[in-house]
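Under my numbering, the very last position in the sequence shown is 727; numbers go up by exactly one each time. Glycine included, every Cβ here is placed at the ideal spot set by N, Cα and C.
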Amino acid sequence: MLRPKGLLGIHLNFPQIVPPDLDVYHLTPEEQVAMSQLNTQQKNEIGYQLEMVTRPQTVSYSLADSPVDQAAWIYEKFGIWTDSDRNSESVLTMDEMLDDITLYWLTNTAESAARFYWENSDVTMNAVRIDVPMGVTLFPKEFYTPPRAWAEKAFSNLVYWNKAGRGGPFAAFEQPKIFAEEVRRFGRLFR
């Protein structure tokens, strides 16, 4: 929305867009799938977010106090959120996961990560209009995959849309080759 000088376009994965004027009583089949995915996510995967939105200090004290708590907190997310059927070691090595966990631990950033949710608790998934050239890659195990029509309502200049074969919310981490190729395909549009 700010359009800084030199910005040619934006590529996203896991676009969190829901039209604010969505008529939930008259959904297309594709919209029904997206709403079902959102409802499942809200029902089953929102606990960590609610904790950080309402009590960021409580969870951050535990995470900052114990490397075991920090490791368990993040490792559990890898298991659930990667495209791995809850077997995160099938897409990420133990060293990769420990590197990520260690980075949080050594920089003591559990609190700032939790506070991010609290500081942005008023942000909704309602789409906002963006008119710069946009590219979107959907990864199949993201929490939900919005229909292209929703993206077109939010992004008036949607120039790239693709669905990847594997990956989830950690796409750049768990599927770096696929992610990099998607960004390259989008970037080639501006040569």
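For the segment 666-692, which segments carrying the beta strand (DSSP E) assignment without a break, of at least 3 residues, lie completely within its bounds, in sequence order? Qualifying beta strand (DSSP E) stretches, in chain order: 670-674.
Using a Cβ-Cβ cut-off of 8 Å (strictly less than) and excluding sequence neighbours within five positions of Y653, which residues of its own chain qualify? Position 117 of the sequence shown, counting from 1, holds the residue named residue 653. Around Y653: Q585, M588, V589 and P592.
Report the option in A570, P705, A663 and W617 whose CA atom is closest to the CA atom of D557. Here residue 557 refers to the residue found at position 21 when the sequence shown is read from its first residue. Of all alpha-carbon atoms in A570, P705, A663 and W617, the one lying nearest the alpha-carbon of D557 is that of A663.
Cβ-Cβ distance between Y640 and I610 below 8 Å: For the purposes of this step, residue 640 is identified with residue 104 of the sequence shown, where counting begins at 1. For the purposes of this step, residue 610 is identified with residue 74 of the sequence shown, where counting begins at 1. A distance below 8 Å separates the beta carbons of Y640 and I610.
Looking only at its own chain, which residues have a Cβ that is under 7 Å from the Cβ of R651, when we skip the five neighbours before and after it? Within the sequence shown, residue 651 is the residue found at index 115, counting from 1. Counting only Cβ-Cβ distances below 7 Å, and skipping sequence neighbours, we find P592.
Which word fits P564, buried or exposed, when buried means at least 16 other C-beta atoms lie within 10 angstroms of its C-beta? To locate residue 564, count along the sequence shown from 1; it is residue 28. It is worth fixing the name first, because residue 564 is Thr in this sequence and not Pro. Exposed: under 16 other Cβ atoms inside 10 Å.
Going by DSSP, which residues form a beta bridge with V695? In the sequence shown, residue 695 corresponds to position 159, counting from 1. DSSP output for V695 lists no bridge partner at all.
What separation, rounded to the nearest whole angstrom, lies between the Cα atoms of M633 and P682? Sequence index remark: in the sequence shown, residue 633 carries index 97 (1-based). Sequence index remark: in the sequence shown, residue 682 carries index 146 (1-based). The alpha-carbon of M633 is positioned some 28 Å away from that of P682.
Per DSSP, cross-strand counterpart(s) of I546: Counting from one through the sequence shown, the residue named residue 546 turns up at place 10. Bridge partners of I546 according to DSSP: M670.
By how many angstroms is the C-alpha of L642 removed from the C-alpha of S598? By one-based count along the sequence shown, residue 598 stands at place 62. By one-based count along the sequence shown, residue 642 stands at place 106. Rounded to the nearest angstrom, the two C-alpha atoms are 15 Å apart.
Nearest candidate by alpha-carbon position, reference A600, set I637, R539, E567 and K699: What you label residue 600 is simply residue 64 of the sequence shown in a count that begins at 1. Looking from the CA of A600, the closest CA among I637, R539, E567 and K699 belongs to I637.
W686 vs I553 beta-carbon contact at 8 Å: For the purposes of this step, residue 686 is taken as the residue at position 150 of the sequence shown. For the purposes of this step, residue 553 is taken as the residue at position 17 of the sequence shown. By the CB criterion at 8 Å, W686 and I553 fall inside the cutoff.
Give the single residue among N644, Q578, L574 and S624 whose Cα lies nearest to the Cα of Q606. Stepping through the sequence shown from its first residue, residue 606 is reached at position 70. Q606 has its Cα closest to that of N644, out of N644, Q578, L574 and S624.
Among V672, K677, D559 and L694, which one has its Cα closest to the Cα of E717? Along the sequence shown, read from residue 1 onward, the residue named residue 717 stands at position 181. Ranking V672, K677, D559 and L694 by Cα distance to E717 puts V672 first.
So, at 6 Å on beta carbons, what are the nonlocal neighbours of F679 in its own chain, with the 5 sequence-adjacent residues on each side left out? Counting from one through the sequence shown, the residue named residue 679 turns up at place 143. Result list for F679: Q577, in chain order.
D619 and G704 look like a contact to me (Cβ under 8 Å); what is the Cβ gap, rounded to whole Å? By 1-based counting over the sequence shown, the position of residue 619 is 83. By 1-based counting over the sequence shown, the position of residue 704 is 168. 4 Å between Cβ atoms; contact.
Hey, out of V560, P551, T594 and R539, whose CA is closest to F675's CA? Indexing the sequence shown from 1 puts residue 675 at position 139. Checking every option, the nearest Cα to that of F675 belongs to P551.
Quick one: residues in its chain with C-beta nearer than 7 Å to the C-beta of D667, no 5 flanking neighbours on either side, listed in chain order? Numbered from 1 along the sequence shown, position 131 holds the residue referred to as residue 667. So the list reads S692 and N693, once near-sequence residues are dropped.
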